[in-house]
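Peer 1:
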Amino acid sequence: MDTGDIISFKYNGRDYSGIYINESNGFYTLKLSNGYNIIVDKSDVKIEAIKKPENSEPSKKIKYKKGDKKLVIMTTGGTIGSTVDYSTGAVKPVKDPEFIYNYIPYIDDFDIKYEVLDNMLSENVTAEKMMNFARRAYNYLKENIPVLIFHGTDTMQYTASALAFMFEKLSAPVIFVGSQRSPDRPSSDAFINIGAAANFSLMDLGEVSIAMHSYTSDIVGLSRAVRTRKMHTSRRDAFKPIDDDYIAFFDGKLKINENYKKRDDETILMDKLNDNVSIVYFYPGMKSDDFSSLVSGKDAVIIMGTGLGHVSDNIIEEIKRHKDTKFFMTSQCIFGNTNLNVYSTGRKLIDAGVISLGNMLPETAYVKAMYILGSHPDKLEEMMLLNLRGELSDRILLR
Amino acid sequence: MIGLEIHFQLKGKKLFCSCDTEYHYDVSRIKRRLTPTMSELGEMDLAAEYEMERNREFLYNVTDNSCLVECDEDPPHMPNKTALETAMAVALALKCEPMKNIQFMRKVVIDGSNTSGFQRTGIIAMNGYLETSRGKVRISTITLEEDAARKISENNNNVNYSLDRLGIPLIEISTEPDIIDEDHAVETAKKIAYFVMSMENFRGEVDSIRQDVNFSMGHGRVEIKGVSKLSLIKDVIEYETKRQRMLEKVSGIINDLGGFSYTRPVNIKDKYDWSESSMINNNIKSGKNVYAFVFKNMRGLLKSGEFRFGRELGELMKNLGIGGIIHSDELPGYGLDHYFVSRLYNDLNVNGNDALLIVLSRDDKFFEPLIKRSIKLLNLELDETRAATENGETRFLRPLPGRGRMYPETDIPVIKIDSFDNIYKMIPESMDKSLETLENVYGISRTDSEAIINDNLYKIFKNLVNTYNEPRLISRILLHTVPELKKKYNKNIDEVTIKKILEISKSSGWDRNTIEKAMEIYSSKNIDVNDLINLEELKTLTEDELYKIINDLISNGASEKNIIPRLREKTIRSFNPAMAMRIYKSISGKK
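First to last, the sequence lines map onto chains A and B.
Quick note on our numbering: the first sequence kicks off at 1 and runs consecutively.
Quick note on our numbering: the second sequence kicks off at 1001 and runs consecutively.
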């Protein structure tokens, strides 16, 4: 029997009809005609007739609307790029653009091209993949066509920030879109996020940004990739700009704040990343050996220190030993500046050559170091401290 | 053919989170929309598609008994074990085969009543039966599901729900269509309910039992949702029978006259001066058009005598968010007089047998669904989901959902039931068994036994009898004393108070009258139950005290016949009548 076969069977002496789903560990999963799946002992079931399902093309209600505003959607996987096989419950990638045309609100004005780049869970993203995404997006950006990239939310801030650095100039926006609820469900945030992202792409925006719900109600916020962080495991408004404001909102109407960079005349891509970088999260009692094994041989290390940017004395000693590695300090606090001048530990870190990164987010610092090491390898220290894409705030406002 | 689906709420924790089932206040509000998604066949579910046409916005009141799970912001947690065991125990009582592996499903519902857009539900057991006075009624499935959000208000395209009810565990018991008639349906519902109501964690609130009636006269299955009271089952079935008979006749008449035909709607807003009709005029002012069209041969079938086809159309219009429908069986009316109506008929070529219909709407999108539904009804394809109203009628809700709307809940693993030991101990007894026990073991009359069962007092009864062992007294207290006092003083005497009073009665040697007096004092005065013991009037007269009073009464001419009533007039305290008689005899014998 194959999944989807229409069957008649006897279960505990009564006749049923349904659909065969699968068999495992001596149990059948069967779909009853009332829609419920049951998982029953094979020996309790007598299959009496099997019929192959009719291979009828489903009646698809596609309302292809073509506006004149060009937009490219690239999918890389993640929740937003996957849907459920309704019969088995298995998760599979969304492959066809019908998904877009049938369900997304506010896209009537767009002429959308849909391109599948990858189908991965975002924890598996690598520098290699990030470079690939950037190169593929460049094909359209150089013609001033905005690009939406569907990405798993878990590491979206890394990929989005990496592209933010790699695109030294942008003549059209790159907007990352994810979803926290999968598109198989009517409550998915995917539809609304995508519709909003499409509308954000009409802005005179020359930055890489992230479009996700800004609140648990249906309102989407656009935020600067390098200052955005996933701050909740499950809520649809998980992504928050940290010590920063949203660039814009969309809830059917576009509302723009003024603090964003306008489009450049051309798009420039520096497409090299060097991934010989690590992030080390310091914790009390951290062993010197453990630290050492995480940083040995790295070109750059981003430390997530405590408070204003601190680590224990034994770790400072370790830092001094690794003379070929450049150490940068960020904070586990996520919000606020690091400052190595306030406590003696900070001054010891300065003496050990550690560079304080202000309020740069640890994940942003990590991909920024990869970008500089890849494309401007001689300027690591100098460029890490420059505010290239809005990743460093001179002023932190009371929000 | 009648089948029932009965839903019972359980109290305690919700099904997929640790929120309480009880609600106190609102904490905030959120606004959402839902997007209907595809079924496995690539076809949109009919019911879902219908909802999409309505494109509504949902406002949810977030309550103190809801968390991220109800807000659809956190995946469901593992199912509530007590609820699962309760459902299993009820299933076993109904002779069902329990499932050893439970797979929860997502049933797509996009009317907003679930923030997720689906209801989580899983089959717990199948294949059982219930003994009734008119034969076995088979139980097809027992499912455990999460209750939906509670609708607070609705207008056009905005619906307000409260999350307090969302996620409350719900046992759904579905019968096969083995029920013979409305009386049999009531008996079946009662007997099934009895099992669940016997469970410790049955949530005995006003809305804790909701029945759906599946009804068929051979024209397709009508699912009637939300029959709130047992007594309404009968009314709803009678109403639906009458309705379908009426549709049979209408269909027959239209067929005899050559079948259904109609004209397309024309906008006649600007052709007439509508100022005579404030209703139509106001609608025009709010930007609506006036669409008129003709249903051939339909005059007199829309609303006259037994015929109510107009109502069928009006219900659809309401659901589409359009006020309603004006038709020729109601004209002249709505401020349009005889002359105006004649002019309309003349201008629009409405013949004597034809019905004119008028719809006030921004556009004519309503027309396609209206024609679709008319054709369906006239073909006597009556399958649909209807809602029961408060007064036992039914109204159109939506098309029947297809089977495409269910798929596995991937966030909850398959639940394996390894041991039924605990569950076997929880199996409730049947109503018949309880009645038998009341009559034969406790010696309660048949009428009183039935009253104890019907008023859901058996649990309390058993608890009290176990401690005080006076079944008839307790039956009397529960069935008469407590309800009468409640009626008289509007104060309920709960189980704990009854227990306390019985306890005092034991230690103070109260008789039945004194117990009832104590209860009346408790009900009528603001007094703590523990203080009853100190009340002079509840103290029983000693032999000496009694002797003194009787002696006085005899001197004043009391006879054997009236000594007891006269004693009662004389004292508010209680006494043992047998003792009083004995004393009377001894004194009068001496004299």
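No residue lacks a Cβ here, since even glycine has one placed at the ideal position from N, Cα and C.
Pick from V354/A, T325/A and P173/A: whose alpha carbon is nearest that of L265/A?
Peer 2: Just to set this straight, residue 265/A is Asp in the shown sequence, not Leu. It is P173/A whose Cα lies nearest to the Cα of D265/A.
Peer 1: Residues in the stretch 1009-1031 of chain B with C-beta within 7 Å of chain A's C-beta atoms, listed in sequence order?
Peer 2: Cβ contacts with chain A: I1030 and K1031.
Peer 1: Thinking just about the alpha-carbon of each residue, which of L273/A, K326/A, K261/A and R136/A is nearest to the one in V280/A?
Peer 2: With distances taken between Cα atoms, V280/A lies closest to K326/A.
Peer 1: In chain order, what residues of the same chain lie with their CB nearer than 6 Å to the CB of M1078/B, ignoring the 5 residues before and after it?
Peer 2: Around M1078/B: no qualifying Cβ.
Peer 1: Beta-carbon of F9/A versus every beta-carbon of chain B: anything under 8 Å?
Peer 2: False, the Cβ-Cβ gap to chain B never drops below 8 Å.
Peer 1: Under 8 Å, Cβ to Cβ, is there at least one residue of chain B near G35/A?
Peer 2: Yes - at least one Cβ of chain B is within 8 Å of the one on G35/A.
Peer 1: Note down, in chain order, every chain B residue with its Cβ under 8 Å from the Cβ of F191/A.
Peer 2: Simply T1035.
Peer 1: Hey, does T216/A have any beta-carbon neighbour from chain B nearer than 8 Å?
Peer 2: Yes, T216/A lies at the interface with chain B (some Cβ there is under 8 Å from its Cβ).
Peer 1: Under the assumption that I1192/B contacts I1006/B (Cβ atoms under 8 Å), give the Cβ distance between them as a whole number of angstroms.
Peer 2: The pair is a contact, with the Cβ atoms about 6 Å apart (cut-off 8 Å).
Peer 1: So with Cβ pairs under 8 Å, would you call P241/A a contact of chain B?
Peer 2: No, P241/A lies away from the interface with chain B (no Cβ there is under 8 Å from its Cβ).
Peer 1: With the cut-off set at 8 Å, would you say F1215/B and I1209/B are in Cβ contact?
Peer 2: Cβ atoms of F1215/B and I1209/B: not closer than 8 Å.
Peer 1: Under 6 Å Cβ to Cβ from V72/A, same chain only, skipping five residues before and after it: list those, please.
Peer 2: Counting only Cβ-Cβ distances below 6 Å, and skipping sequence neighbours, we find K113, Y140, I145 and V147.
Peer 1: Quick one: Cα of L1041/B to Cα of V1465/B, how far?
Peer 2: Low confidence applies here, because L1041/B scores a pLDDT of 40, under 50, leaving its location unreliable and the question unanswered by this model.
Peer 1: Select from the stretch 172-187 of chain A all residues with a C-beta closer than 9 Å to any C-beta belonging to chain B, and list them in chain order.
Peer 2: So the list reads Q180, R181, S182, P183, D184, R185, P186 and S187, given in the order they occur along the chain.
Peer 1: Cutting at 6 Å between CB atoms, please list the residues of its own chain near T409/A, excluding the five before and the five after it.
Peer 2: The shown model of chain A, from 1 to 399, leaves out residue 409/A, and the question about it has no answer.
Peer 1: Going by beta carbon distance, what residues of the same chain come within less than 7 Å of F1366/B, once the five residues before and after it are set aside?
Peer 2: For F1366/B, where only same-chain residues beyond five positions count, the Cβ hits under 7 Å are M1317, L1320, I1322 and V1359.
Peer 1: Given a cut-off of 8 Å, decide if I1533/B and I1563/B are closer than it, judged by their beta-carbon atoms.
Peer 2: Not closer than 8 Å, so no.
Peer 1: Could you have a look at E1306/B and say whether DSSP puts it in helix, strand or coil?
Peer 2: Note: E1306/B maps to coil in three-state DSSP.
Peer 1: Is the Cβ-Cβ distance between D1164/B and N1065/B less than 8 Å?
Peer 2: Contact: yes.
Peer 1: Could you name the residues of the same chain whose beta carbon sits closer than 7 Å to that of E1182/B, not counting the 5 residues immediately before and after it, in chain order?
Peer 2: If we look at E1182/B and ignore the five residues flanking it on each side, its Cβ neighbours are I1233, K1234, I1237 and E1238.
Peer 1: Look at the alpha carbon of T1035/B and the alpha carbon of G1117/B, and state the distance between them as a whole number of angstroms.
Peer 2: If I take the Cα positions, the gap works out to 8 Å.
Peer 1: Between the stretch 1110-1125 of chain B and chain A, which residues of the former have CB atoms less than 9 Å from a CB of the latter, in chain order?
Peer 2: For the stretch 1110-1125 of chain B, which is checked against every Cβ of chain A, the residues closer than 9 Å are I1110, N1114, T1115, S1116, G1117, F1118, T1121, G1122 and I1123.
Peer 1: Under the rule that 16 or more other beta-carbon atoms within 10 Å means buried, what is S1039/B, buried or exposed?
Peer 2: Because S1039/B sits at a pLDDT of 48, beneath the cut-off of 50, its placement in the model cannot be relied upon, and the following sentence gives the value as read from the coordinates. With 16 or more other Cβ atoms within 10 Å, it is buried.
Peer 1: My output table needs one value for S1586/B: the three-state DSSP class, helix, strand or coil.
Peer 2: Reduced to three states, the DSSP call for S1586/B is helix.
Peer 1: Smallest Cα separation from S82/A: which of M120/A, I50/A and K31/A?
Peer 2: Here the closest residue by C-alpha is M120/A.
Peer 1: Taking C-alpha atoms, which residue in T153/A, A197/A, D204/A and F200/A lies nearest to L170/A?
Peer 2: When each option's Cα is compared against that of L170/A, the closest is D204/A.
Peer 1: Determine the DSSP secondary structure at G1252/B, reduced to helix, strand or coil.
Peer 2: It is helical.
Peer 1: Under 8 Å, do G1003/B and I1179/B count as touching if we go by C-beta distance?
Peer 2: In this structure, I1179/B lies closer than 8 Å to G1003/B by Cβ.
Peer 1: Quick check on V342/A: does DSSP put it in helix, strand or coil?
Peer 2: Correct three-state label for V342/A: coil.
Peer 1: By alpha-carbon positions, which one of N1255/B, D1432/B and L1331/B ends up nearest to E1131/B?
Peer 2: Considering only alpha carbons, the answer is D1432/B.
Peer 1: List the DSSP bridge partners of D1026/B.
Peer 2: In DSSP, D1026/B forms a bridge with T1063/B.
Peer 1: Runs of 4 residues minimum, wholly inside the stretch 1351-1426 of chain B: which ones carry the alpha helix (DSSP H) assignment?
Peer 2: Entirely contained in the stretch 1351-1426 of chain B, the alpha helix (DSSP H) runs reaching 4 residues are, in chain order, 1367-1378 and 1421-1426.
Peer 1: Among I107/A, I396/A and K320/A, which has the Cα closest to the Cα of S350/A?
Peer 2: Contrary to the premise, residue 350/A reads as Ile rather than Ser in this sequence. Among I107/A, I396/A and K320/A, the Cα nearest to that of I350/A belongs to K320/A.
Peer 1: Which class does L1092/B belong to by DSSP, given the choice of helix, strand or coil?
Peer 2: In the structure shown, L1092/B sits in a helix (DSSP, three-state: H, G or I).
Peer 1: For D218/A, count neighbouring C-beta atoms within 10 Å of its own C-beta (all shown protein chains included) and say buried if the count is 16 or more, exposed if not.
Peer 2: So D218/A counts as buried.
Peer 1: For the putative contact between I1498/B and E1537/B, defined by C-beta atoms under 8 Å, what is the C-beta separation to the nearest angstrom?
Peer 2: Going by Cβ atoms, the distance from I1498/B to E1537/B rounds to 20 Å, so no, they are not a contact pair.
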